[in-house]
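Numbering (the working numbering), first residue to last: 0 to 227.
Ideal Cβ placement from N, Cα and C applies to all residues, glycine included.
Since this is a predicted model, take the numbers as computed values, not measurements.
Shown next, in structure tokens, is the structure this report addresses.
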Amino acid sequence: MIHMKDVSKIYENGAVALDHVNIDIDKGEFVFIVGASGAGKSTFIKLLLREALPTEGSLTVNGRNVVAMERQEVPYLRRGLGVIFQDYRLLPEKTVFENIAFAMQVIEAPRRMMQRSVNSVLDIVGLREKYKCFPSQLSGGEQQRVAIARAIVNRPAIVIADEPTGNLDPETSWDIMDIFTRINSAGTTIVMATHDKTIVDTMQKRVIAIEDGRIVRDEQRGGYGYED
0 MIHMKDVSKI YENGAVALDH VNIDIDKGEF VFIVGASGAG KSTFIKLLLR EALPTEGSLT
60 VNGRNVVAME RQEVPYLRRG LGVIFQDYRL LPEKTVFENI AFAMQVIEAP RRMMQRSVNS
120 VLDIVGLREK YKCFPSQLSG GEQQRVAIAR AIVNRPAIVI ADEPTGNLDP ETSWDIMDIF
180 TRINSAGTTI VMATHDKTIV DTMQKRVIAI EDGRIVRDEQ RGGYGYED
């Protein structure tokens with residue numbers, strides 16, 4: 000699903016964000032990306048989304064050569080990815096239903112399919128009764144559930160989550176992680192950057208640790224490995 004070989008990213012100011020990184024993530028894996036702020040996690044995610052390009056090395060995401068693809072191919076890459084951020088990024092003027100449906104409108108999905116798919120993911124995240132609400136009427140946890148529903152409504156092969164529990168209290172965070180676990184159990188690959196030590200230590204999934212742009216640890220059933 001994700002194959003990164005000898006990837007380096009050096010920004011114009013000379014900062015080395017990633018330094019000869021090699022990673023292989025297979026279909027159906029659940030992987031935590033951990034490390035201190037500035038370690039290279041955000042750059043790693045930007046490369047997967049092709050928001051940035053490697054300075055050197057090769058990168059394949061969901062069967063697509065990210066480095067060699069033309070600009071007009073990028074939307075097709077991203078259609079196979081579901082992306083979730085710490086700050087939700089919902090459209091404030093749209094309802095819960097409309098926020099989720101928007102992801103299907105972008106790919107011009109038929110209206111009948113849209114209705115069925117949105118209702119299905121609303122059930123997955125437990126928000127069917129809130130479909131008419133606006134983001135301002137929801138709690139932070141509910142907004143993140145909407146963001147997750149939006150990310151998975153097109154059935155992506157890979158879900159990429161950047162600090163999805165960063166703004167949530169512990170109980171709500173576990174509710175969100177339960178949703179991710181169910182998504183993963185259905186076969187979706189999950190790649191999650193996080194600073195949440197408790198979640199990483201408890202879940203015992205694969206952990207890839209980045210320090211100063213290098214992979215310093217890659218272990219199955221790993222722990223966070225850093226002190227708070």
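Residues bridged to residue i (per DSSP)
{"i": "V82", "result": "I159"}
{"i": "D217", "result": "I207"}
{"i": "D23", "result": "H2"}
{"i": "I189", "result": "F29 and V158"}
{"i": "V60", "result": "I1 and R63"}
{"i": "L17", "result": "K8"}
Outcome for residue i when other beta-carbon atoms lying within 10 angstroms are tallied against a minimum of 16
{"i": "S184", "result": "exposed"}
{"i": "K131", "result": "exposed"}
{"i": "C49", "result": "Residue identity differs from the one stated: residue 49 is Arg in this sequence, not Cys. Per the 10 Å Cβ criterion, buried."}
{"i": "P163", "result": "buried"}
{"i": "A14", "result": "exposed"}
{"i": "V215", "result": "exposed"}
{"i": "S135", "result": "exposed"}
{"i": "T187", "result": "buried"}
{"i": "D161", "result": "buried"}
{"i": "D195", "result": "buried"}
{"i": "M302", "result": "Shown here, the chain extends from 0 to 227; a query on residue 302 therefore has no answer."}
{"i": "L89", "result": "buried"}
{"i": "S116", "result": "buried"}
{"i": "P155", "result": "buried"}
C-beta atoms of residue i and residue j nearer than 9 Å
{"i": "H19", "j": "R213", "result": "yes"}
{"i": "L76", "j": "V66", "result": "no"}
{"i": "I44", "j": "A150", "result": "no"}
{"i": "V33", "j": "I207", "result": "yes"}
{"i": "I175", "j": "G140", "result": "yes"}
{"i": "R144", "j": "I182", "result": "no"}
{"i": "V105", "j": "K129", "result": "no"}
{"i": "V120", "j": "I157", "result": "no"}
{"i": "A38", "j": "E210", "result": "yes"}
{"i": "Q142", "j": "Y225", "result": "no"}
{"i": "N118", "j": "R110", "result": "no"}
{"i": "N166", "j": "Q85", "result": "yes"}
{"i": "K93", "j": "P53", "result": "no"}
Top-ranked residue by Cα proximity to residue i, from the options
{"i": "E107", "options": "L58, R181 and N153", "result": "N153"}
{"i": "F101", "options": "M176, K129, A148 and E141", "result": "A148"}
{"i": "A146", "options": "I24, V82, G224 and Q203", "result": "V82"}
{"i": "D23", "options": "D217, Q203, Y225 and G224", "result": "D217"}
{"i": "S41", "options": "I189, S172, L17 and K129", "result": "L17"}
{"i": "R205", "options": "D25, D168 and K4", "result": "D25"}
{"i": "R63", "options": "E55, T54 and L46", "result": "L46"}
{"i": "V30", "options": "M202, G224 and Y225", "result": "M202"}
{"i": "T171", "options": "Q219, K4, P53 and G125", "result": "G125"}
{"i": "G79", "options": "M0, K196 and G165", "result": "M0"}
{"i": "S57", "options": "R70, K4, K93 and I99", "result": "K4"}
{"i": "P169", "options": "S138, E55, T197 and Q114", "result": "T197"}
{"i": "I123", "options": "I99, P91 and S138", "result": "I99"}
{"i": "F133", "options": "P91, V73 and M103", "result": "P91"}
Reduced DSSP category for residue i - H, G, I as helix; E, B as strand; rest coil
{"i": "R110", "result": "helix"}
{"i": "V152", "result": "coil"}
{"i": "A51", "result": "coil"}
{"i": "N118", "result": "helix"}
{"i": "F133", "result": "coil"}
{"i": "Y223", "result": "coil"}
{"i": "L76", "result": "helix"}
{"i": "S36", "result": "coil"}
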